[in-house]
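Protein chains in written order, with our numbering: chain A, 31 to 255; chain B, 315 to 533.
Built from N, CA and C at the ideal position, the CB exists for glycine as well.
Okay, structure first, notes after.
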Amino acid sequence: MNGFSWDWAFAWEVLPMILSAAKVTLLATLLGSIFAIFMGLVFALLRRSPSRILRNSIYWLVEFIRSTPLLVQIFFLYYVMPEFGISMSPLMTGVFALGLHYGAYLSEVFRSGIDGIEKGQWEAARALNLTTIDTYKDIVLPQAIRPMIPATGNYIIAMFKETPQLSAITLLEMLQVAKIIGSENFRYLEPFTLVGILYLVFSIVAAYGIHQIEKRFPKEGFTLK
Amino acid sequence: MEFGEIVSVLLQGAVVTIKIVAMALPLAAVMAFIFGLIRLYSPAPFKQIAIFYIEFFRGTSALIQLYWIYFVLPFFGITIDAMTAAVVALGLNIGAYGTEVVRGAVQSVPKGQYEASIALNFTARQRVWRIILPQAFVNMIPPFGNLAIELVKATSLVSLITIGDLTFKAKSLADTTLQVGEIFGVVLFLYFIMSQALALLFKLLEKRLSKGLGRGGIN
Chain A
31 MNGFSWDWAF AWEVLPMILS AAKVTLLATL LGSIFAIFMG LVFALLRRSP SRILRNSIYW
91 LVEFIRSTPL LVQIFFLYYV MPEFGISMSP LMTGVFALGL HYGAYLSEVF RSGIDGIEKG
151 QWEAARALNL TTIDTYKDIV LPQAIRPMIP ATGNYIIAMF KETPQLSAIT LLEMLQVAKI
211 IGSENFRYLE PFTLVGILYL VFSIVAAYGI HQIEKRFPKE GFTLK
Chain B
315 MEFGEIVSVL LQGAVVTIKI VAMALPLAAV MAFIFGLIRL YSPAPFKQIA IFYIEFFRGT
375 SALIQLYWIY FVLPFFGITI DAMTAAVVAL GLNIGAYGTE VVRGAVQSVP KGQYEASIAL
435 NFTARQRVWR IILPQAFVNM IPPFGNLAIE LVKATSLVSL ITIGDLTFKA KSLADTTLQV
495 GEIFGVVLFL YFIMSQALAL LFKLLEKRLS KGLGRGGIN
């Protein structure tokens, strides 16, 4: 078997399999980012809570999640959680791990976004007798979202690029499928290269998309109603 | 297995992890400087090569790069052992992110510094090496510290190409002893300690290097 040159026939043969696995990758990214945005908001708002103990424990939790490897967190959720009676499928485990990991990163983005709102806005909301929830919902978040878009987008792309780690808990995403194809055919060149190119293409398209979203977003904010 | 035994096996793995970090970090720093400076200052063909390297390594996953180097290069007759593949893949990956740190830090040096060095008739080379880089270097330390932590975390990927690092040891211990809670708990803690230690090191470095530069107010 000649492994030195690129085999187009083989590449075309394996491309459909890899593309169908791309659906799993994209699904994990989509669900993971929804969960991450949710967790990020929760962390960011808890960091602003009046209780000092709560603030500090969230700070260390976020710091801990951010400074330990995603792969180990995936293993932890996959192998340790069942001991507490919580069994999840590889996909759900992956979504939780990605969401938690990137939620920790996003909480810093959201926090600085919220901190970026002028003090006068808070004071005006207080003067107008708005409740805390209304202040966030109608005054702060609508203005804070636009500046958060680029950083949030970058983290979502970063998350997308970390989905191959879910192959370690047997999720059949792109890289795992490519590896199986490679070991069955003793040819790794085409499947791995195709996966690499697909990641590159998806990342570039996503980066362009995020830029467009940011550009189209009203600068003065919008109502969350 | 006793808790002490588990910890001692895991510590052996941690040593391998530290070794990989110690080898990949200098490689990443060298790549970051070389390609960061090429990206900034080189003429056409080299600049495009640097952009290709940066975009390629930043646009695809570290794990794919690792697999590519480990599984695909042998087909081209380049067989490298797992350890070298790990150091090269991680070094190139983190190095690609580092180029942006170098670029950002150089561009953050105030324009007046360029103008003053031109006014004082420095050559282009002197301007870069004597005026710009020494000031830019301090700005690079905090983001490089973050990248170093990213590197520590990324080393866990090498367990997937059968290197006996901390994650690999944890996984195989977990498979044999089934004491998953203790094992992964200890492993997370060890990674946390390593990352925090590295963060502290970079903070000290920053403090040390920014002495006499008149930044950060009076202290």
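Closest Cβ-Cβ distance between residue i and chain B: below 7 Å?
i	result
A/F140	no
A/S79	no
A/S233	yes
A/R246	no
A/Y218	yes
A/T98	yes
A/G115	no
A/K149	no
A/F40	no
A/F126	no
A/F94	yes
At a CB-CB cut-off below 8 Å, which residues of chain A make contact with residue i?
i	result
B/A336	Result: empty, since nearest Cβ-Cβ is about 17 Å, beyond 8 Å.
B/A488	F105 and Y109
Checking contacts by CB at 7 Å: is residue i closer than that to chain A?
i	result
B/A419	no
B/V323	no
B/W443	no
B/S509	yes
B/K483	no
B/I332	no
B/K521	no
B/I378	yes
B/Y381	yes
B/L518	no
B/S431	no
B/K467	yes
B/L339	no
B/V416	no
B/V402	no
B/V501	yes
B/S470	yes
Can you round the beta-carbon distance between residue i and residue j to whole angstroms, since I take them to be within the 8 Å contact cut?
i	j	result
A/V139	A/A188	Actually they are not in contact, since the Cβ atoms of A/V139 and A/A188 sit about 12 Å apart, beyond 8 Å.
A/I322	A/F247	Limits of chain A in this structure are 31 at one end and 255 at the other, which puts residue 322 of chain A out of reach.
B/A364	B/S356	7 Å
A/A58	A/L130	No, A/A58 and A/L130 are not in contact; Cβ-Cβ is about 14 Å, not under 8 Å.
A/L45	A/L205	So it is not a contact: roughly 15 Å between Cβ atoms.
B/A484	B/F503	11 Å between Cβ atoms; not a contact.
B/V452	B/S509	Not really, about 22 Å apart at Cβ, beyond 8 Å.
A/G62	A/Y132	7 Å
B/L465	B/V330	In fact, because the Cβ distance is near 14 Å, the residues do not count as touching under 8 Å.
B/L480	B/A328	5 Å
A/V54	A/E203	5 Å
A/W36	A/L219	7 Å
B/A358	B/L380	Actually they are not in contact, since the Cβ atoms of B/A358 and B/L380 sit about 31 Å apart, beyond 8 Å.
Using a Cβ cut-off of 7 Å, pull out every chain B residue sitting near residue i, in sequence order please.
i	result
A/V110	V494, G495 and F498
A/E192	S375
A/A198	L474
Would you kindly check if the distance between the Cβ of residue j and the Cβ of residue i is under 7 Å?
i	j	result
B/A338	B/L404	yes
B/A450	B/V423	yes
A/S97	B/F506	yes
A/Y134	A/I104	Checking the sequence shown, residue 134 of chain A turns out to be Ala, not Tyr. No, the Cβ-Cβ distance between A/A134 and A/I104 is not below 7 Å.
B/I475	B/A396	yes
B/I368	B/A410	yes
B/R417	B/L354	yes
B/S470	A/V102	yes
B/T294	A/G226	The question about residue 294 of chain B has no answer here: the residues shown for chain B are numbered 315 through 533.
B/K467	A/P194	no
B/E520	B/I455	yes
A/A66	A/L136	yes
B/V494	A/Y109	yes
B/G478	B/A513	no
A/I88	A/L107	no
A/I169	A/A155	yes
B/V415	B/P457	yes
Along chain A, which residues have their Cβ under 7 Å away from the Cβ of residue i?
i	result
B/F385	G212, Y218 and F222
B/I475	By Cβ distance, chain A contributes nothing, its closest Cβ being about 11 Å from B/I475, past 7 Å.
Can you name the residues of chain A whose CB is closer than 9 Å to the CB of residue i?
i	result
B/Y505	S97, T98, P99 and V102
B/F370	G226 and L230
B/I463	R96 and S97
What does residue i touch in chain B if you count any residue whose Cβ is under 9 Å from its own?
i	result
A/K209	Y381 and F385
Which chain B residues sit within Cβ distance under 8 Å of residue i?
i	result
A/L205	S375, L377, I378 and Y381
A/Q173	Those within 8 Å of A/Q173 in chain B number zero; the least Cβ separation is about 27 Å.
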